[in-house]
Each structure stands twice: as structure tokens, then as C-alpha cells.
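Letter 55 of the sequence shown, counting from 1, is numbered 55 in UniProt numbering, and no numbers are missing.
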Amino acid sequence: MRPPRPLGVMWRICPRLRDRGRGLLNRPSSDPTGSMWPRPTPRPPARAYVPPTERKRFYQNVSISQGEGGFEINLDHRKLKTPQAKLFTVPSEALAIAVATEWDSQQDTIKFYTMHLTTLCNTSLDNPTQRNKDQMIRAAVKFLDTDTICYRVEEPETLVELQKNEWDPVIEWAEKRYGVEIGSSTSIMGPSIPTQTREVLTSHLSSYNMWALQGIEFVVAQLKSMVLTLGLIDRRLTVEQAVLLSRLEEEYQIQKWGNIEWAHDYELQELRARTAAGTLFVHLCLESSTVKHKLLQE
Numbered sequence: 001m002r003p004p005r006p007l008g009v010m011w012r013i014c015p016r017l018r019d020r021g022r023g024l025l026n027r028p029s030s031d032p033t034g035s036m037w038p039r040p041t042p043r044p045p046a047r048a049y050v051p052p053t054e055r056k057r058f059y060q061n062v063s064i065s066q067g068e069g070g071f072e073i074n075l076d077h078r079k080l081k082t083p084q085a086k087l088f089t090v091p092s093e094a095l096a097i098a099v100a101t102e103w104d105s106q107q108d109t110i111k112f113y114t115m116h117l118t119t120l121c122n123t124s125l126d127n128p129t130q131r132n133k134d135q136m137i138r139a140a141v142k143f144l145d146t147d148t149i150c151y152r153v154e155e156p157e158t159l160v161e162l163q164k165n166e167w168d169p170v171i172e173w174a175e176k177r178y179g180v181e182i183g184s185s186t187s188i189m190g191p192s193i194p195t196q197t198r199e200v201l202t203s204h205l206s207s208y209n210m211w212a213l214q215g216i217e218f219v220v221a222q223l224k225s226m227v228l229t230l231g232l233i234d235r236r237l238t239v240e241q242a243v244l245l246s247r248l249e250e251e252y253q254i255q256k257w258g259n260i261e262w263a264h265d266y267e268l269q270e271l272r273a274r275t276a277a278g279t280l281f282v283h284l285c286l287e288s289s290t291v292k293h294k295l296l297q298e
């Protein structure tokens with residue numbers, strides 16, 4: 001393992017960012033020269049890019065700089081670009097530092113599958129599905145129809161009780177927080193979500209910018225739950241709590257029957273990493289102020 005590379009004065013803030021995002025941080029970006037990614041070809045819509053597995057690290061130093069469109073990532077003296085060859089520019093300095101930390105954390109090879117923040121930025125910049133804000137909001141709200149914590153079992157009694165004890169308080173919080181009705185059901189059709197509930201949550205999501213919405217939809221897809229995502233973004237739940245609640249039935253079965261050696265732990269940690277990265281992404285996209293220069297010089 002080679003020793004860490006010097007990053008200059010600005011990287012003295014990175015430990016602060018890591019502490020702030022610990023448990024909330026950890027997919028891929030492009031070669032600044034355009035050689036890392038194949039030219040895009042027509043394909044069915046996808047939620048995010050599927051990167052190469054790994055590539056040898058080709059840069060020594062990582063830094064950020066401020067351009068006309070926002071904050072840019074520099075690998076040595078080359079500017080990072082997206083898979084569609086757009087300049088990789090993010091809206092906040094805090095997000096730029098977090099992305100640069102992902103790149104600097106790579107060792108001899110670049111493990112793109114660990115770079116969730118970079119992937120979310122790429123998807124926000126390139127918008128491969130060509131959706132507008134209203135379409136993104138509708139897609140997120142639609143998850144209510146199949147929300148994990150709204151579907152209940154009728155047996156066994158121990159699992160019924162577990163779902164009631166663990167999921168009901170989250171639903172009750174969301175109903176009170178947003179002044180809506182959500183409920184739950186044992187029907188295969190799930191609960192009947194009132195139109196007013198959809199309208200209220202649509203209005204709430206409209207207050208987020210396009211970048212933050214990309215992160216929200218990413219987290220919803222990980223947890224399979226709009227309600228858990230709202231609790232997470234609103235800091236009602238921690239990442240660990242939200243992930244375990246989303247896997248409640250699976251964890252119950254594992255406790256009862258055991259799990260496949262190593263596979264369960266890997267899946268759990270991967271889900272935590274992706275959920276944490278998506279949540280951090282949302283908050284950093286809402287960060288309006290820049291990092292104070294005096295902090296960079298401490």
C-alpha cells in the first residue's frame with residue numbers, strides 16, 4: 001500500500017468533512033481525458049451509470065477549484081468530466097470536497113463501485129433519462145404505492161407484532177409531520193393512499209432542487225420506502241435505523257433460520273453505504289454556503 005499523497009492546504013478540512021459525514025458517506029465518474037468511459041450509445045433508460053469495475057489510478061493529487069458554473073474537481077491538472085464529456089461541476093463547495101475525497105481515497109486502483117457520490121453527480125449532470133423536475137417528483141411519490149413499511153403480514157404473530165412495534169411509529173410520525181394519512185394494509189394491493197396525501201408530499205418535494213431530488217429518489221430506491229426516506233432526510237431516523245427498518249422481515253427470517261455465510265453482512269453494509277451516500281448527497285446539495293477559508297488554513 002503506497003503512502004498518502006499530499007493534497008495541499010485545502011485538504012486539511014477533509015477530516016472535518018469525514019467526521020461530519022461519517023456513517024453518511026461513501027459511484028463513478030469519468031476520465032478527464034474522456035478515455036475512461038466508452039462513448040454513450042442508445043439504450044433503455046437507467047437510473048444510474050454502470051461503471052467499469054476498476055482502473056489503475058492515473059493521478060497523483062486531487063483538488064477543487066471554483067469555476068463559472070460551480071465547483072470543479074481536478075485530478076492533477078486535468079478537470080474531471082462526466083461520462084457524456086460534460087465538465088464535472090457541482091453546486092456546493094462541501095459537495096465538491098466530498099467527491100474529491102472519494103477520488104483521493106482510491107488507492108492503486110480506482111474502485112468505481114465505492115464512489116456513490118460521484119455517480120449521483122454524474123447522473124445529475126448528464127440526466128441520462130432526460131427527466132424534468134415534475135417527472136422526478138412523480139416517480140418518487142409513486143413509491144408510496146409499494147412502500148415497504150405499509151405492507152403488513154397476517155402471520156406469524158411474532159412478525160405481525162414486530163412490524164407494528166417498529167413501523168407504526170414511523171408512519172405516525174410522517175402523518176403528523178406532514179399532516180397526511182398514510183396507514184398500512186395486509187392486502188396484496190397495499191394501503192389506499194389518499195389523493196391529498198400525494199398532493200401534500202408532491203408539494204413538499206417541490207421545495208427541493210433537481211440535485212437533491214436525484215438523491216432522494218436514489219435513497220427511496222435503496223430502502224424501497226418513501227416514508228423511511230422522509231424520516232431519514234428529516235433526521236428523524238439514522239441511516240442504520242432506516243436500513244434495518246427496510247429489512248425488518250428479512251432480518252426476522254435470518255434470526256429465525258440463519259443466514260448465508262458472509263453474504264448477509266456484505267449486503268447489509270453495501271445498503272448502508274449507498275443509503276448513507278444518498279442521504280449525504282441530499283444535504284450537501286442543499287448547502288448554500290461555501291467552506292470558510294480560515295478553516296482550510298487551520
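Cβ coordinates follow ideal geometry from the N, Cα and C atoms, glycine included.
Quiz item: Going by beta carbon distance, what residues of the same chain come within less than 6 Å of Thr186, once the five residues before and after it are set aside?
Solution: Here the question's residue 186 lines up with position 186 in the sequence shown. Contacts found: Arg152, Glu154.
Self-check item: Whole-angstrom distance between Val220 and Ala276, CA atom to CA atom
Solution: Numbered from its first residue, the sequence shown carries residue 276 at position 276. Numbered from its first residue, the sequence shown carries residue 220 at position 220. If I take the Cα positions, the gap works out to 12 Å.
Quiz item: So the alpha helix (DSSP H) Ile188 belongs to, where does it begin and stop?
Solution: Working through the sequence shown from its first residue, we reach residue 188 at position 188. No alpha helix (DSSP H) holds Ile188; DSSP gives it neither H nor E.
Exercise. Using three-state DSSP, classify Arg272 as helix, strand or coil.
Key: As a position in the sequence shown, residue 272 is number 272, starting the count at 1. Reduced to three states, the DSSP call for Arg272 is helix.
Exercise. Go through its chain and collect everything with a Cβ distance to Leu75's Cβ below 7 Å, but skip five positions before and after it.
Key: By one-based count along the sequence shown, residue 75 stands at place 75. Excluding residues within five positions, the ones whose Cβ falls inside 7 Å are Pro32, Tyr59, Val62, Trp103.
Quiz item: Does the count of Cβ pairs from the region 267-287 and the region 108-120 closer than 8 Å reach three?
Solution: yes
Quiz item: Touching or not, the region 141-150 and the region 176-190, by the rule of three or more beta carbon pairs under 8 Å?
Solution: yes
Exercise. Can you say whether residue 316 is buried or exposed, counting buried as having 16 or more other CB atoms within 10 angstroms of its CB?
Key: No answer is possible for residue 316: it lies beyond the span of the chain, which begins at 1 and ends at 298.
Quiz item: In whole angstroms, what separates the C-alpha of Glu249 from that of Ser65?
Solution: Numbered from 1 along the sequence shown, position 249 holds the residue referred to as residue 249. Numbered from 1 along the sequence shown, position 65 holds the residue referred to as residue 65. Roughly 46 Å separates the two Cα atoms.
Practice problem: Using 10 angstroms around the beta-carbon of Gln163, count the other beta-carbons present and answer buried if the total reaches 16, otherwise exposed. | Solution: As a first step, residue 163 must be located in the sequence shown, where it is residue number 163. Gln163 should be labelled buried.
Quiz item: Can you tell which of Ile216, Trp257, Arg247 has the C-alpha that lies nearest to the C-alpha of Glu267?
Solution: Stepping through the sequence shown from its first residue, residue 267 is reached at position 267. The residue with the shortest Cα to Cα distance from Glu267 is Arg247.
Quiz item: Alpha carbon to alpha carbon, what distance is there between Asp234 and Lys56?
Solution: Your numbering for residue 56 matches position 56 in the sequence shown. Your numbering for residue 234 matches position 234 in the sequence shown. Those two C-alpha atoms are separated by around 39 Å.
Practice problem: Grab the span of the alpha helix (DSSP H) containing Arg247 for me, first residue to last. | Solution: For the purposes of this step, residue 247 is taken as the residue at position 247 of the sequence shown. First-last for Arg247: undefined, no H or E at that position.
Quiz item: Would the beta-carbon of Pro194 fall within 7 Å of that of Glu181?
Solution: Along the sequence shown, read from residue 1 onward, the residue named residue 194 stands at position 194. Along the sequence shown, read from residue 1 onward, the residue named residue 181 stands at position 181. Going by C-beta atoms, Pro194 is nearer than 7 Å to Glu181.
Quiz prompt | Ser225 classed as buried or exposed, judged by whether at least 16 other C-beta atoms fall within 10 angstroms | solution = Within the sequence shown, the letter at position 225 stands for residue 225. Buried is the call here.
Quiz item: Considering only the beta carbon of each residue, do Tyr178 and Val160 sit closer than 7 Å?
Solution: Stepping through the sequence shown from its first residue, residue 178 is reached at position 178. Stepping through the sequence shown from its first residue, residue 160 is reached at position 160. Going by C-beta atoms, Tyr178 is not nearer than 7 Å to Val160.
Quiz prompt | Among Asp265, Asp126, Arg138, nearest to residue 387 - alpha-carbon criterion | solution = No statement about residue 387 is possible, as the shown extent of the chain runs from 1 to 298 and does not include it.
Quiz item: Does DSSP put Ser206 in a helix, a strand or coil?
Solution: In the sequence shown, residue 206 corresponds to position 206, counting from 1. Here Ser206 sits in coil by DSSP.
Practice problem: Whole angstroms is fine: what's the gap from Asn156's alpha carbon to Lys256's? | Solution: Within the sequence shown, numbered from 1, the residue matching residue 156 stands at position 156. Within the sequence shown, numbered from 1, the residue matching residue 256 stands at position 256. The sequence given here has Pro at residue 156, not Asn. Cα to Cα, Pro156 sits roughly 12 Å from Lys256.
Self-check item: Leu144: first and last residue of the uninterrupted alpha helix (DSSP H) it sits in
Solution: In the sequence shown, residue 144 corresponds to position 144, counting from 1. Note, Leu144: premise wrong, no alpha helix (DSSP H); not H, not E.
Self-check item: Cut-off 8 Å between Cβ atoms - residues of its own chain near Asn26, not counting five sequence neighbours on either side
Solution: Position 26 of the sequence shown holds residue 26. No answer about Asn26 holds up, because its pLDDT of 36 lies below 50 and its placement is not dependable.
Practice problem: Taking Trp211 and Pro83 to be in contact with their CB atoms under 8 Å, please state how far apart those CB atoms are, rounded to whole angstroms. | Solution: Taking the sequence shown and counting its residues from 1, one reaches residue 211 at position 211. Taking the sequence shown and counting its residues from 1, one reaches residue 83 at position 83. Not really, about 17 Å apart at Cβ, beyond 8 Å.
Quiz prompt | Whole-angstrom distance between Ala94 and Arg198, CA atom to CA atom | solution = One-based indexing of the sequence shown puts residue 198 at position 198. One-based indexing of the sequence shown puts residue 94 at position 94. Approximately 32 Å, taken between the alpha carbons.
Quiz item: Per DSSP, which one or two residues make a beta bridge with Tyr151?
Solution: Looking up residue 151 in the sequence shown gives position 151. According to DSSP, Tyr151 bridges with Ser185.
Quiz item: Around the Cβ of Thr41, are there at least 16 other Cβ atoms within 10 angstroms (buried) or fewer (exposed)?
Solution: Looking up residue 41 in the sequence shown gives position 41. Residue placement at Thr41 cannot be trusted, given a pLDDT of 42 that sits under 50; the coordinates are not used to answer.
Quiz item: Does the beta-carbon of Lys133 have 16 or more other beta-carbons within 10 angstroms, so that it is buried, or is it exposed?
Solution: As a first step, residue 133 is located in the sequence shown; it is residue number 133 there, counting from the start. Lys133 comes out exposed.
Quiz item: Considering only residues of the same chain and omitting the five flanking positions on each side of His204, which have a CB-CB separation below 7 Å?
Solution: Residue 204 sits at position 204 when you count from the first residue of the sequence shown. Correct list, in chain order: Tyr178.
Quiz prompt | Gly278 in three-state terms, based on DSSP | solution = One-based indexing of the sequence shown puts residue 278 at position 278. It is helical.
Quiz item: Taking all protein chains shown into account, do 16 or more other C-beta atoms lie within 10 angstroms of the C-beta of Glu172, making it buried, or fewer, making it exposed?
Solution: Reading the sequence shown from its first residue, position 172 is the one you call residue 172. Exposed, since its Cβ has fewer than 16 Cβ neighbours within 10 Å.
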